[in-house]
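Visitor: Read left to right, the sequence shown gives residues 4 to 309 (my numbering).
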Amino acid sequence: MSLASVTQAPDRPMVLIVDDEIANIEIINAVLEDDYDVCFALSGQEALDLAKAAQPDLILLDVLMPGMDGFAVCAALKQDRLLADVPVIFTTGLGDSEDEMRGLSLGAIDYVTKPVQPPILRARVANHVEVKRLRDRLAQMAVTDALTGLSNRRHLERTMEIETARLARQCEWLSVVMLDIDFFKQFNDAYGHPAGDRCIAMVASALTRAVRRASDLPARYGGEEFVCVLPSTDVAMAEMVAGEISRQVRQLGIPHERSGVAPVVTVSIGIAGARCVAGACAQDWIDAADAQLYRSKREGRDRISA
Ligand code: GH3
Ligand code: MG
Ligand code: MG
Ligand code: MG
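#1: For I289 and V179, which I take to be in contact (beta-carbon distance under 8 Å), what is that distance rounded to the nearest angstrom?
#2: Around ligand 2, what residues have a beta-carbon under 6 Å from a heavy atom of it, in chain order?
#3: CA-CA distance, K135 and Q58?
#4: Starting from P59 and walking both ways along the beta strand (DSSP E), at which residues does that stretch end?
#5: So for S235, helix, strand or coil by DSSP?
#6: Taking the alpha-carbon of Y224 as reference, which of G303, R161, F93 has the nearest alpha-carbon?
#7: Leaving out five residues before and five after V214 in sequence, what residues of the same chain have Cβ atoms less than 7 Å from its Cβ?
#8: Counting C-beta neighbours from all protein chains within 10 Å, is the total for I20 16 or more, i.e. buried, or is it exposed?
#9: Along the chain, where does the beta strand (DSSP E) containing I92 start, and where does it finish?
#10: Give me, in chain order, the residues of the same chain whose beta-carbon lies closer than 6 Å to that of R261; leave out the 5 immediate sequence neighbours on both sides.
#11: With burial defined as no fewer than 16 other Cβ atoms inside 10 Å of the residue's Cβ, what is the status of L6: buried or exposed?
#12: What distance in whole Å lies between the Cβ atoms of I184 and V270, which are believed to be in contact at a cut-off of 8 Å?
#13: Just the Cα atoms here: how many angstroms apart are S154 and R253?
#14: Which residue's Cα is closest to the Cα of R201: T236, G152, A265?
#15: Which runs of the alpha helix (DSSP H), 4 residues or longer, sit entirely within the stretch 153-177?
#16: Taking only three categories from DSSP, how would you classify V9?
#17: Starting from the C-beta of R15, find all residues in its chain whose C-beta is less than 7 Å away, skip the five residues before and the five after it, and write them out in chain order.
#18: Here's the rule: buried if 16 or more other CB atoms are within 10 angstroms of the residue's CB, otherwise exposed. What is R84?
#19: Span of the alpha helix (DSSP H) holding M68?
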């Protein structure tokens with residue numbers, strides 16, 4: 004019944020119990036503690052703070068509490084982008100169908116009246132946690148490239164739109180680095196398509212090693228093409244990142260006997276960087292980086308253009 008146990012066992016689902024009466028928390032905790040990491044809050048505000056910090060898989064929410072009541076907590080949770088998808092089950096003494104309707108219309112997934120029946124509460128929690136976890140996995144898959152584990156193109160494009168708007172408000176720099184494996188058709192021809200896939204995955208790992216900031220976003224843009232979004236980064240800094248990417252890829256030492264530039268796999272890189280202004284369009288950075296990448300190819304490959 005603590006946050007400490009949660010951090011030690013990240014695979015056990017976490018349930019947050021919210022109730023102003025400690026006796027109620029103890030009853031529900033006894034029902035769930037064998038299967039879940041349980042944390043608890045004694046007030047609405049505490050519940051919101053803890054939910055933000057702990058990102059539980061499910062919240063059991065009392066309605067009648069001094070100060071902020073459960074309905075208000077539920078409404079606030081649903082307003083919060085990071086918490087809106089956490090399933091909420093009201094556990095309350097309020098048994099009117101009107102109250103139940105209100106709870107459900109606020110976005111709660113379920114409504115249980117106290118005193119709770121342990122096996123039924125356990126079953127409801129298990130069902131909702133399972134659906135929540137499946138949904139989380141699907142959401143993760145929707146933004147991830149299966150071969151490399153990097154962000155996929157859709158996620159990259161959506162993130163860039165959000166970032167350009169955010170950076171424009173601060174009149175900040177945004178740089179985009181685009182890279183493409185050199186003579187990759189010949190690589191596939193020489194070593195086979197499965198080896199080509201492994202090569203793409205290894206280049207992705209080199210790219211991940213080369214970008215350091217938590218806000219940098221490396222992504223697989225297409226077949227053997229990658230894009231790295233670097234917020235608050237000017238062109239000079241982006242050139243350093245690109246140099247590191249190029250070095251890391253070379254250091255993989257993947258033999259490429261049919262490359263026209265080196266005995267190992269190399270990449271050509273294009274960089275686009277500019278300060279964001281109101282109305283900035285993410286696609287402009289992509290187009291500009293692509294044009295620079297094309298220049299790197301034209302001028303001989305295995306090089307960086309900005
Ligand atoms: P360049 O130096 O000009 O980039 O030459 P290239 O041969 O790399 O050029 P191009 O971009 O035309 O060819 C990319 C090749 O990458 C074509 C395609 O067969 C291969 N490819 C694209 N996606 C994948 C993939 O997922 N796996 C494998 N193994 N090959 C892929
Ligand atoms: Mg209460
Ligand atoms: Mg290509
Ligand atoms: Mg290529």
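Glycine included, C-beta positions come from ideal geometry on N, C-alpha and C.
Guide: The answer reads as follows:
#1: By 1-based counting over the sequence shown, the position of residue 289 is 286. By 1-based counting over the sequence shown, the position of residue 179 is 176. Right, the Cβ-Cβ distance comes to about 6 Å (below 8 Å), so this counts as a contact.
#2: One residue after another in chain order, those with a Cβ under 6 Å from a heavy atom of ligand 2 are D22, D23, E24, D65, L67, M68.
#3: To locate residue 135, count along the sequence shown from 1; it is residue 132. To locate residue 58, count along the sequence shown from 1; it is residue 55. Going by the C-alpha atoms only, they are around 12 Å apart.
#4: As a first step, residue 59 is located in the sequence shown; it is residue number 56 there, counting from the start. Premise fails: P59 is in no beta strand (DSSP E) and is neither H nor E.
#5: As a working mapping, residue 235 is identified with position 232 in the sequence shown. S235 falls in the coil class under three-state DSSP.
#6: Residue mapping note: residue 224 aligns to position 221 of the sequence shown, counting from 1. Residue R161 is the option with its Cα nearest to Y224.
#7: Translated into positions along the sequence shown, residue 214 becomes position 211. Excluding the 5 residues flanking it on each side, V214 has same chain C-beta neighbours closer than 7 Å at P221, C231, V244, in chain order.
#8: Working through the sequence shown from its first residue, we reach residue 20 at position 17. Buried: at least 16 other Cβ atoms inside 10 Å.
#9: Residue numbering aside, residue 92 sits at position 89 when the sequence shown is read from its first letter. Counting along the chain, the beta strand (DSSP E) containing I92 begins and ends at 91-95.
#10: Translated into the one-based positions of the sequence shown, residue 261 becomes position 258. Contacts found: Q189, A193.
#11: Against the sequence shown, residue 6 aligns to sequence position 3. Low confidence applies here, because L6 scores a pLDDT of 47, under 50, leaving its location unreliable; read the following figure in that light. Under this definition L6 is an exposed residue.
#12: Working through the sequence shown from its first residue, we reach residue 270 at position 267. Working through the sequence shown from its first residue, we reach residue 184 at position 181. Confirmed, about 6 Å.
#13: Position 151 of the sequence shown, counting from 1, holds the residue named residue 154. Position 250 of the sequence shown, counting from 1, holds the residue named residue 253. If you take the alpha carbons of S154 and R253, they lie about 22 Å apart.
#14: For this step, residue 201 is matched to residue 198 along the sequence shown. Of the candidates T236, G152, A265, the one whose C-alpha sits nearest the C-alpha of R201 is G152.
#15: 156-172
#16: On the sequence shown, position 6 is the one that residue 9 refers to. Residue confidence is low: V9 scores 46 on pLDDT, short of 50, so the model does not pin down where it sits. Its coordinate-derived value is still stated next. The answer is helix: DSSP assigns V9 an H, G or I state.
#17: Translated into positions along the sequence shown, residue 15 becomes position 12. For R15, where only same-chain residues beyond five positions count, the Cβ hits under 7 Å are Y39, D40.
#18: Taking the sequence shown and counting its residues from 1, one reaches residue 84 at position 81. Under this definition R84 is an exposed residue.
#19: The residue labelled residue 68 in the question sits at position 65 within the sequence shown. M68 -> no alpha helix (DSSP H), and no H or E assigned at all.
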